[in-house]
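Colleague: If you read the sequence shown in the UniProt record's numbering, its first letter stands for residue 1, the second for the next number, and so on. Don't be surprised by glycine CBs; every beta carbon is placed ideally from N, CA and C.
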Amino acid sequence: MTRSTAHHLAHQQRRRDHRRMDPDTVMRRAERLLETAHEPGAQDRRQRCEEEAVVLTLELADTVARRYSGRGIEYDDLLQVARLALVKAAQAYRSGPGRGFAAYAVPTITGEVKRHFRDCGWAVRPPRRLQELRVALTEAEDRLTQESGSQPGVLEVAAALGVDMSEVEAARACGGGYSLLSLEGTVAQNRAADAVASESGDFARFDTRDLLSHALDDLSPRELGLLRLRFVEERTQAEIGASVGVSQMQVSRLLSGIVARLRVTLLDADSAA
1 MTRSTAHHLA
11 HQQRRRDHRR
21 MDPDTVMRRA
31 ERLLETAHEP
41 GAQDRRQRCE
51 EEAVVLTLEL
61 ADTVARRYSG
71 RGIEYDDLLQ
81 VARLALVKAA
91 QAYRSGPGRG
101 FAAYAVPTIT
111 GEVKRHFRDC
121 GWAVRPPRRL
131 QELRVALTEA
141 EDRLTQESGS
151 QPGVLEVAAA
161 LGVDMSEVEA
171 ARACGGGYSL
181 LSLEGTVAQN
191 RAADAVASES
201 GDFARFDTRD
211 LLSHALDDLS
221 PRELGLLRLR
231 FVEERTQAEI
241 GASVGVSQMQ
251 VSRLLSGIVA
261 RLRVTLLDAD
271 SAA
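#1: What's the gap between the Cα of Phe-206 and the Cα of Ala-85?
#2: Three or more C-beta pairs under 8 Å: does that hold for the segment 58–71 against the segment 34–44?
#3: State yes or no: is the C-beta of Ala-103 within less than 8 Å of the C-beta of Gly-41?
#4: When the Cα atoms are used, what is the spatial distance from Ala-136 to Leu-161?
#5: Cα separation between Arg-235 and Arg-261?
#6: To the nearest angstrom, how far is it from the Cα of Gly-225 to the Cα of Ser-247?
#7: Going straight from the alpha carbon of Arg-99 to that of Val-154, what length do you get?
#8: Give the DSSP-derived three-state secondary structure of Ala-162 in the structure shown.
#9: For Arg-235, name the three-state secondary structure that DSSP assigns.
#10: Do Ala-53 and Ala-30 come within 8 Å of each other at the CB atom, strictly closer than that value?
#11: Which same chain residues end up closer than 6 Å to Arg-172 when comparing Cβ atoms and leaving out the 5 residues on each side of it in sequence?
#12: Leu-78 and Val-55: beta carbons closer than 8 Å?
#13: Pull up the distance between the alpha-carbon of Ala-238 and that of Val-168, whole angstroms please.
#14: If you follow the alpha helix (DSSP H) that Asp-76 is in, where does it begin and where does it stop?
#15: Suppose you measure from the CA of Ile-109 to the CA of Gln-131; what does that come to, to the nearest Å?
#16: Take the Cβ of Ala-61 as the centre, count every other Cβ of all protein chains shown within 10 Å, and call the residue buried at 16 or more, exposed below.
#17: Distance check for Gln-151 and Glu-90, CA to CA, integer angstroms please.
#18: Do Asp-164 and Pro-107 have their C-beta atoms within less than 8 Å of each other?
#19: Take Asp-218 and list the residues in its own chain whose beta-carbon comes closer than 8 Å to its own, dropping the five residues that flank it on each side.
#20: Quick one: what does DSSP say Gly-96 is sitting in, helix, strand or coil?
#21: Out of Cys-49, Ala-105 and Phe-117, which has the shortest C-alpha to C-alpha gap to Glu-74?
#22: For Gly-111, which residues of its own chain have a beta-carbon under 6 Å away from its beta-carbon, when the five flanking residues on both sides are left out?
#23: Based on Cα-Cα distance, which residue from Arg-228, Thr-57, Asp-24 and Ala-170 lies nearest to Gly-70?
#24: Determine the burial state of Met-27: buried for a count of at least 16 other Cβ atoms within 10 Å of its Cβ, exposed for fewer.
#25: Going by DSSP, what residue range makes up the alpha helix (DSSP H) through Arg-29?
#26: Just mark Ala-92 as buried or exposed, buried being the case when its beta carbon has 16 or more other beta carbons within 10 Å.
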């Protein structure tokens with residue numbers, strides 16, 4: 001048996017052993033390993049302790065990857081990004097009062113996955129200024145979440161970035177430009193395209209993916225954000241209204257108007273073909 005084979009078998013056995021532990025025990029063990037990894041004079045065992053802590057807590061990364069799956073980027077890619085982020089979190093983590101590893105790692109992993117969408121999933125590109133603000137927004141949200149332990153509000157983020165609240169809202173909305181609008185797969189694989197297409201039976205006559213991609217170019221970042229909230233995150237109209245600061249009735253009118261415009265654009269494109 002080669003050394004690499006033996007190492008792989010030992011790794012698999014550790015994973016099976018870890019699955020038998022309850023989650024609290026797993027997390028306490030991972031935190032002890034990471035504390036040991038950064039003790040003075042622990043350089044010789046640091047990598048081993050960090051690796052074992054990562055193996056123990058892989059479910060943290062896997063859960064985040066599953067949460068963001070089905071949005072236009074392959075699950076295996078998301079899983080790889082999430083697990084690499086978990087490794088980074090394990091290397092950077094320092095224990096302290098009220099500072100558990102899960103509370104530190106999950107926002108770190110989530111931030112890396114969001115960056116992957118931002119960098120690799122754009123199909124409808126908002127203005128460069130908004131793209132750059134979106135980068136700063138993600139970093140600020142990650143930092144504020146780490147500091148407070150909760151998701152920051154628009155006012156808090158705007159103050160941290162030194163910009164108007166309206167700019168923060170526009171940058172958040174332009175996040176809808178990632179693979180909600182990436183039409184590389186089949187319509188069935190793309191929730192947003194499938195949901196918009198299902199609004200009208202006429203859409204069945206089109207190659208919806210190609211036509212919808214062009215139609216979405218005409219939407220504003222705010223409109224793209226509304227589509228993302230409704231058809232990707234599957235929020236109710238009441239939840240969307242609370243999120244963007246308008247009434248449920250206004251959300252209903254806005255969505256109906258967006259879908260109607262898309263339908264007209266697609267019908268016109270089909271007639272011209």
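Modeller: Let me spell this out:
#1: Low per-residue confidence applies at Phe-206: pLDDT is 37, beneath 50, and the placement is therefore not dependable enough to give any value.
#2: The segment 58–71 is not in contact with the segment 34–44.
#3: Cβ distance not < 8 Å, so Ala-103 and Gly-41 don't count as in contact.
#4: The alpha-carbon of Ala-136 is positioned some 8 Å away from that of Leu-161.
#5: Straight through space, the alpha carbons of Arg-261 and Arg-235 are spaced by roughly 21 Å.
#6: Roughly 16 Å separates the two Cα atoms.
#7: The C-alpha of Arg-99 lies about 25 Å from the C-alpha of Val-154.
#8: The residue asked about is misnamed: residue 162 is Gly in this sequence, not Ala. Coil.
#9: Arg-235: coil per DSSP, three-state reduction.
#10: Taking a C-beta distance under 8 Å as the contact criterion, Ala-30 and Ala-53 qualify as a contact pair.
#11: Hits under 6 Å: none found.
#12: Note that the C-beta distance between Leu-78 and Val-55 is not below 8 Å.
#13: A direct Cα-Cα distance of roughly 21 Å separates Ala-238 from Val-168.
#14: That run of the alpha helix (DSSP H) goes 75–92.
#15: Here the alpha carbon of Ile-109 sits roughly 21 Å from the alpha carbon of Gln-131.
#16: Burial check for Ala-61: the Cβ neighbour count within 10 Å reaches 16 or more, so the residue is buried.
#17: Residue identity differs from the one stated: residue 90 is Ala in this sequence, not Glu. Whole-angstrom Cα-Cα distance: 22 Å.
#18: Taking 8 Å as the Cβ cut-off, Asp-164 and Pro-107 do not qualify as a contacting pair.
#19: If the five residues before and after Asp-218 are omitted, its C-beta is found closer than 8 Å to the C-beta atoms of Arg-261 and Thr-265, all from its own chain and listed in chain order.
#20: In the displayed model, Gly-96 falls within a strand according to three-state DSSP.
#21: The shortest CA-to-CA distance from Glu-74 to any of Cys-49, Ala-105 and Phe-117 is the one to Phe-117.
#22: So the qualifying residues of the chain are Asp-142.
#23: The shortest Cα separation from Gly-70 among Arg-228, Thr-57, Asp-24 and Ala-170 belongs to Arg-228.
#24: By the 10 Å Cβ count, Met-27 comes out buried.
#25: Where Arg-29 is concerned, the enclosing alpha helix (DSSP H) starts and stops at 23–37.
#26: It counts as exposed.
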